[in-house]
Ligand SMILES: Cc1ncc(C[n+]2csc(CCOP(=O)(O)OP(=O)(O)O)c2C)c(N)n1
Ligand SMILES: Cc1ncc(C[n+]2csc(CCOP(=O)(O)OP(=O)(O)O)c2C)c(N)n1
Ligand SMILES: [Mg+2]
Ligand SMILES: [Mg+2]
């Protein structure tokens, strides 16, 4: 662990962050199981193995800072403060879900904590983020916007446009590229020209730093610095967080294309165990950690239980929240 | 003039290129006049002041090399070998035009000389160019593709995607960014982050060179080298040709936003006079040049005259060349 | 009453709304010096500053996407796309994001933005600058689609669109930018969205149209009047939601419906109106629209595409025969 | 005859065409290892090499735009967009370029490409992965629009689309990928574009549909048959050009028309068919389509969107009452 981390002296804060990571991990495991059990339909993209990034980034944000995400948005949402219970209800399509069951996994959002939504379309969140920053500027607020983008997503034009745009207007945007080295089944190195996203960002005049995303302490300390700079008017910056996707692209992908040796190595670097090791070394005892895990597992299991038994939304709900002008009429029972 | 130019010892070749430049200049002046006279409708984006780029680039291409262009495509077309007579007929919307009057200024094309078309949508030509190069690869040909893009166009996502794409597949594409420092009425520096296109291209691993686009000799020698490299398998490269748009964005734009001092300076660097000066210094006499100019002016004036008096296409022609499956029926005289 | 052009009226409406609500702003290419394609933004950058009339890079995806983000974050952006053809570079941002954000986030979000994208033939700007894709957006849940036909409409409907909390696709017709008409500067009220205007009362047939074609339909009604045929002309003004009541009442009264639009007939929104009327009233319906061809450049070709008054009149006579 | 799925049949058709013509190739995300969303490309990269089954970056504009360029330069590319929703990131390339190149260049160019973009509800993939925008492309001059409904269709129509010299928008329905059906491997002939199939003969009413809704319509016909109502079901197969003759002949015979599609009813292509039939034959017409809402996620909500057989049967009974 780099000594530079400002966390090193704050085991209590690390415990809190570790707890968030545990929630994400447990949530994702549970979501995957529910998917396999046929309780959750559609798509479930798990964030397993990347927890330290979302948590390390969001620990340095205020509640009113904004966040835009992509298809792999559960971890980002939980880290930003969305309620995992409502999220689980959403995955199950039940009453009380974050989107009333209208959205599902790829459209988790919690505007009350600045989480402007996961997104089913790669890189569309990037242009949204720069516009949100323009609103912030216009409203004379000191909020910032964080946009999560994958290493596959960086090759979409709208992301590249957004980089230019953010720098032209010197907007308070932090782009976080989660480089897990793969996009669905494609090794991104093979479809990404040049030396990578940091170099590209720099060509737009955007400061970019590459860090070990699985090192919670490095993520935290880097983000603390960068967020402070952005809030003080540095203009946009980019963090490339190196990581590894420990599961398939989505819950039903066995990821057979994965080199087993590579996976094994990656498991050795995964963030849960590393953070736990740090805690043990820094005076948090094993019992406390075990209790924490049990507590979190129980919490998530409870949500699953609740979600599996929660009420289904009424079909009429399909017809609300479309638009006010020209709102669709509920066709009624006769359907 | 740089001594390195391989043209320096070939005055005859320079005369030939100068003639092309004269044709472009005369064509554009004539097109502008016809536009002002109400003989040409729609849009006319003149290439005046940038002639040395198209001519210097295309002089190094084979007839079967391909070219994709943008809205300012007359110069590119003439340089690639399109017939200015048919182009003028097209601008006038008459029978015999390059597109039978269906396209007009923004859709000049001559597939017989590899000119795959001007384009009304900024940067859409860029993605077309990389695909054309993929066809070339698949067909085991040794042709190359040249794509012209403006300094305003570089901020569109599809261009940036195309850069990545071209390098990923190591395609035989030459991107030529004509940096005339303005996009319509917008100074591109103000909406372009970072150090510019050369840096951006390099961030994709694409070799990029910035040259004086108004120096025919520099354009020619650079292109000769770069085209040879690309044809020999170097993968994509980019040339940024610095230049200046001597007229308005289109023929009816008085360009009042232009700093008069800047314009005056630019006029001092414009390519026609510079090339002419070189010829005079290298043994071509003034009479010969005057005769060349008169000949070209007469040629273009003849085309204008012919176009102004040429037949209009029959309305029925509007219904051809749409598609074979589901071809529209000509509604007939009864319309 | 002041006489002004359609473009000037749009500028006036925008200026009024920007003065009224500091959260209203616009972004697009060449809005400052140029003042937009037809002066719809003239001098507004000087009045409201470069942060509210924002000159952007040529980045259509981001112009539209940024508007979505800005709307989500609390302001009321106007994304100026210059041509509906260029807006085709930002369909995902409009259709996948703007139109769906409120719904897919279960009502947590609102997207009060206006996407301005002029449609139609202007004369010689050909296939990539003349399209009329309004039917696409009328087909897209979440979007309001507005198509003003006169200067007064263009001011009043733009004002309503800016105040609307739903994303609005606002489609001026380029061919109308120079059209003169009376505008009541004292009346600051928006024209309500979703309400049609009866441009000409009549009893023999109902002609429904929108945008530039309304004027042509009115011209056809004149031609028909000379022949003793009384045609009612309805300007939908808002394409979605379209004013069903106005159309049904009229068509029930006249007993016949003709829908006319400049957009390609096949798959055009006229099909929606005609099918609904046929289904609901069982009266004879017909449609006129462009042939399914791109818009050509040359005059006789472009003319061959257009729906002229005599063609409308001819079709009406056939229906009444 | 071999029994195979709709997705397998598409793969077979593609394989046959790639073996037949070395100029045919495909580009898109995850075509190699993954073999496409539903295995439509399984093992083809191994068979034809990575230059003919090309794994691309996530760059939708370029997938489509490169296909246009490749077609212009002499090969026959297939742009795989995975979902029609993602193809909304490449509308300019499809509509401004592919659809118009031949026309605006006066016939100098041909664009023999296929843009594959599956439509429809698959179950829980919600608003940004379930759209059916076929009406947009049917409205776009220059494009052919194909919507296969069975494994045999999916093979035969894909083959025809690949051989077609016009740009084809090829829209599988995601919900049909697992559908089993008989395919005659010995008959290598494509199914001609623009020709409808009568799925079920009948005399009381004509039901026109396409893609997944054809099966539902046939189901409705079964329900109706039990009540002594004889419904003819027509599968358009190609949406543009649609088989006008087949529909008109049938509707003239039965005297009634119902068009059913999964796409949103408002502005859907059903309006075109219904309006044409009403205008031409004057027979009663009706349409069923999705309400104008995004596709929701949760089961009861998604179900509330769908057009079920009993609703079709109910509407038919109303029309015959
Ligand atoms: C515009 C678009 N293209 C394609 C997809 C399909 N898709 C979903 S996730 C994904 C891979 C994304 O990879 P990356 O950006 O690296 O994120 P990761 O999944 O690795 O977190 C793809 C291709 C999509 N959702 N949107
Ligand atoms: C996608 C798109 N957006 C906007 C336009 C309108 N437009 C036409 S030319 C132009 C400026 C282009 O500037 P640049 O690329 O520098 O080329 P130049 O005109 O200087 O040669 C603009 C904005 C367009 N044609 N297409
Ligand atoms: Mg990745
Ligand atoms: Mg320029």
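Residue numbers (my numbering), protein chains in the order written: chain F, 119 to 453; chain U, 119 to 453; chain V, 40 to 360; chain P, 40 to 360. For each residue, glycine too, the CB sits at the ideal point set by N, CA and C.
So if DSSP puts residue i in a beta bridge, which residue, or which two residues, is it bridged to?
i, result
"residue 156 of chain P", "Answer is none; residue 156 of chain P lacks a bridge partner."
"residue 295 of chain U", "U:267, U:358"
"residue 42 of chain V", "V:221"
"residue 281 of chain V", "Per DSSP, none; premise fails for residue 281 of chain V."
"residue 35 of chain P", "Coverage of chain P is limited to positions 40 through 360, which leaves residue 35 of chain P absent and any answer about it impossible."
"residue 248 of chain V", "V:274, V:299"
"residue 209 of chain V", "V:155, V:185"
"residue 458 of chain U", "The structure shown has nothing for residue 458 of chain U, since chain U only spans 119 to 453."
"residue 93 of chain V", "V:66"
"residue 289 of chain F", "Residue 289 of chain F pairs with nothing; no bridge assigned."
"residue 326 of chain P", "P:298"
"residue 186 of chain U", "U:265"
"residue 329 of chain F", "F:359"
"residue 239 of chain V", "V:272"
Quick check on residue i: buried or exposed, where buried means 16 or more other Cβ atoms within 10 Å of its Cβ?
i, result
"residue 230 of chain F", "exposed"
"residue 385 of chain U", "exposed"
"residue 122 of chain F", "Caution is warranted here: a pLDDT of 43 is assigned to residue 122 of chain F, below 50, making its placement in the model unreliable, and the coordinate value is therefore given only provisionally. Answer is exposed; the Cβ neighbour count stays below 16."
"residue 252 of chain U", "buried"
"residue 207 of chain U", "buried"
"residue 69 of chain V", "buried"
"residue 419 of chain U", "exposed"
"residue 298 of chain U", "buried"
"residue 214 of chain P", "buried"
"residue 292 of chain P", "exposed"
"residue 120 of chain F", "In this prediction, residue 120 of chain F scores a pLDDT of 40, lower than 50, which makes its location untrustworthy; the coordinate-derived value is nonetheless stated afterwards. Residue 120 of chain F comes out exposed."
"residue 360 of chain U", "buried"
Listed by chain order, which residues have C-beta atoms less than 7 Å from any heavy atom of ligand 4? U:268, U:269, U:270, U:296, U:297, U:298, U:299, U:300, U:301, U:306, U:363
Could you name the residues of the region 354-376 of chain F whose beta carbon sits closer than 9 Å to any beta carbon of chain P, in the order they occur along the chain? 367, 371, 374, 375
Query raised in the report: Are the region 168-179 of chain F and the region 289-297 of chain F touching, with three or more C-beta to C-beta distances below 8 Å?
Result: yes
key: Members of the region 143-164 of chain V that neighbour chain U once the beta carbon cut-off is set at 9 Å   = 161, 162, 163, 164
*Closer than 9 Å, Cβ to any Cβ of chain V: which residues of the region 303-328 of chain U, in chain order?*
303, 304, 306, 308, 309, 310, 311
Take every Cβ of the region 238-249 of chain P, pair it with every Cβ of the region 57-74 of chain P, and state whether three or more of those distances are shorter than 8 Å. no
Subject >> Interfacial residues, the region 69-81 of chain P to chain F, with Cβ spacing under 7 Å >> reply: 69, 72, 73
Which residues, in order along the region 233-257 of chain P, keep a beta-carbon less than 7 Å from a beta-carbon of chain V? none
Beta carbons nearer than 7 Å to chain U: which residues of the region 173-189 of chain P have them?
180, 181, 183
Quick check: the region 130-146 of chain V against the region 217-232 of chain F, are at least 3 beta-carbon pairs closer than 8 Å? yes
Going along the region 296-318 of chain P in order, which residues come within less than 9 Å of chain V, judged by CB to CB distance? 298, 302, 303, 304, 305, 306, 307, 308, 309, 310, 311, 312, 313, 314, 315, 316, 317, 318
Original post:
Listed in chain order, which residues of the region 265-295 of chain V have Cβ atoms closer than 7 Å to some Cβ of chain F?
Top reply: 279, 280
Check your understanding: With a cut-off of 8 Å, do at least 3 Cβ pairs link the region 157-173 of chain V to the region 431-441 of chain U?
Key -> no
* Meets three-Cβ-pair contact criterion under 8 Å: the region 262-282 of chain U and the region 77-97 of chain V -> yes
Give me the subset of the region 98-110 of chain P whose CB atoms are less than 9 Å from a CB atom of chain U, sorted by chain position. 98, 99, 100, 101, 102, 103, 104, 105, 106, 107, 108, 109, 110
inquiry  = Can you confirm whether the region 271-287 of chain V touches the region 301-316 of chain V when touching is taken to mean that 3 or more C-beta pairs between the two stretches lie within less than 8 Å?
reply    = yes
Would you say the region 237-244 of chain U touches the region 274-287 of chain U, given that touching needs at least three Cβ pairs under 8 Å?
yes
* Positions along the region 113-133 of chain V whose CB lies within less than 8 Å of some CB in chain F -> 113, 114, 116, 131, 132
Report the residues of the region 218-232 of chain F with a CB closer than 7 Å to any CB of chain V, ordered along the chain.
218, 220, 221, 225, 227, 229
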